[in-house]
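Trainee: Numbering (the numbering used here), first residue to last: 41 to 423.
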DNA sequence: AATCCGTGGGA
DNA sequence: TTCCCAAGGAT
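#1: How is residue 208 classed by DSSP in three states: helix, strand or coil?
#2: Using a Cβ-Cβ cut-off of 7 Å (strictly less than) and excluding sequence neighbours within five positions of residue 412, which residues of its own chain qualify?
#3: If you run the structure through DSSP and keep just helix, strand and coil, what is residue 357?
#4: What does the alpha-carbon distance come out to for the pair residue 234 and residue 98?
#5: Based on the DSSP secondary-structure assignment, which residues constitute the bridge partners of residue 284?
#6: Helix, strand or coil: how does DSSP classify residue 311 here?
#7: Looking only at its chain, what residues have a beta carbon closer than 8 Å to the beta carbon of residue 345, apart from the 5 residues adjacent to it on each side?
#8: Straight-line CA distance for residue 133 to residue 170?
#9: Does the distance from the C-beta atom of residue 319 to that of residue 289 stay below 8 Å?
#10: Taking the straight line between their C-alpha atoms, what separation do you get for residue 227 and residue 187?
#11: By Cβ distance, which residues of its chain are closer than 6 Å to residue 359, with the 5 residues on each side in sequence left out?
#12: For residue 324, collect the residues of the same chain with a Cβ closer than 6 Å to its Cβ; drop the 5 residues on either side in sequence, then sort them by chain order.
#13: Any idea if residue 269 is buried or exposed, counting beta-carbon neighbours within 10 angstroms, 16 or more meaning buried?
#14: By Cβ distance below 6 Å, which residues in the same chain neighbour residue 158 in space, the five residues on each side in sequence not counted?
#15: Look at the alpha carbon of residue 232 and the alpha carbon of residue 105, and state the distance between them as a whole number of angstroms.
#16: With a cut-off of 8 Å, do at least 3 Cβ pairs link the segment 213–224 to the segment 183–197?
#17: Residue 200 and residue 277 - do their beta-carbons sit closer together than 8 Å?
#18: Leaving out five residues on either side along the sequence, give the residues of the same chain with a beta carbon under 8 Å from the beta carbon of residue 207.
#19: What residue ranges within the segment 219–248 form continuous alpha helix (DSSP H) runs of no fewer than 4 residues, ordered along the chain?
#20: Exposed or buried, residue 90, counting other C-beta atoms within 10 Å across all chains shown (16 or more means buried)?
#21: Mind checking whether residue 148 and residue 118 have CB atoms under 8 Å apart?
#22: From the DSSP output, read off the bridge partner residues of residue 338.
#23: Where does residue 290 sit, in a helix, a strand or coil, going by DSSP?
#24: Could you please give me the residues that DSSP links to residue 304 through a beta bridge?
#25: Put residue 131 into one of helix, strand or coil per three-state DSSP.
#26: Round the Cβ separation of residue 370 and residue 295 to the nearest angstrom and send it over; I've been treating them as touching at under 8 Å.
#27: Return the residue from the list 93, 140, 129 and 94 that minimises the CA-CA distance to residue 108.
#28: Suppose you measure from the CA of residue 253 to the CA of residue 355; what does that come to, to the nearest Å?
#29: Can you round the beta-carbon distance between residue 189 and residue 86 to whole angstroms, since I take them to be within the 8 Å contact cut?
#30: Would you kindly work out how many angstroms separate the C-alpha atoms of residue 328 and residue 338, rounded to a whole number?
#31: Could you give the DSSP three-state label for residue 69: helix, strand or coil?
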């Protein structure tokens, strides 16, 4: 049974304590330095950083954000860029759909908002890749509006502060935590931005999932979980998920000019829109299918002898993929042909196979300018 | 509503 | 080594 929120901490007192603590303990992060002509935080930099930070740790984002902003300094620069450049800048970050949505958002701002970043919560929320959390973050941090945000950090902090029972993901607790966050943002008024960033900072550095540092917490005396010694039990531990085993068999084919054969993955799904060595995907038990592919028009028939040159494993959130790399060489120089690789005479039917329509011969330099997943970067560029 | 979508540092 | 995780959104 959840405790009565009316008996919990005072919103103004909590908001004030968080804003004060954040003023003294905010980390020096690059997106907090980006200001615009108004002297406030640049909404475009806010959009970029928030998209990068979705489900991604700060330490993974900082350097990449700086590079991204140097390459695409304004909404206009990003909107004019080719999508492949944006995906290349995103390579290694994961959740690549975010990059395409960010690119679309930049183009929408140019097309529908005349290049001026929309300043109302509803308009911000309508941008591609921007949901309830991200819209609240931009509205409060960049525009100073008293809008709430709830991310994993805020949810944990507020659940503990009020000793709220149950998982943070239940619809009931989601409604509750958004209502608490909205009340706090209203109490903070024009300091909702520092409040929201402060709540996240507190969750990331003090009110951590495991072993929270309650002795360093500005809300210690107001925290119901700490008072009851429940800080390690709220929210309850998540149940682990099972992962599916998959096998990706790749052909690493080089020509005589230092180029390698690649194809583009479909726009939707895993590693959507990224490039890869020609790959057949299967379940681990389908060796016959793999063998037929390797010996067929895609494999030995096209490239002659193939040798197994690498094998490794990648663990994703919901699957574990074994990569098996077979190396071959283009028999004839491809320089006399078009840059577009010729399609095979026969293409295997059935799923788990990417159509070869997008195949290209690319140099290492050209590979750096398109999106590559981490395993494909290893396969195609080494390391 | 439940699923899908990446990554690499750290416990 | 294995497992966990981190500033969500789209479908």
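By construction, the Cβ of each residue, glycine as well, lies at the ideal position given by its N, Cα and C atoms.
Model, not experiment: these values are computed from the prediction.
Mentor: So, to answer that:
#1: coil
#2: 131, 314, 315 and 420
#3: coil
#4: 17 Å
#5: 359
#6: coil
#7: 368
#8: 18 Å
#9: In this structure, residue 289 lies closer than 8 Å to residue 319 by Cβ.
#10: 11 Å
#11: 283, 284 and 286
#12: These residues qualify, in order along the chain: 285 and 287.
#13: Exposed: under 16 other Cβ atoms inside 10 Å.
#14: 164
#15: 24 Å
#16: yes
#17: no
#18: 213, 275, 276 and 278
#19: 232–245
#20: With 16 or more other Cβ atoms within 10 Å, it is buried.
#21: Not closer than 8 Å, so no.
#22: None, per the DSSP bridge assignment.
#23: strand
#24: 315
#25: coil
#26: 4 Å
#27: 129
#28: 31 Å
#29: At roughly 12 Å, the Cβ-Cβ gap does not stay under 8 Å, so residue 189 and residue 86 are not in contact.
#30: Spanning the two alpha carbons is a distance of roughly 15 Å.
#31: coil
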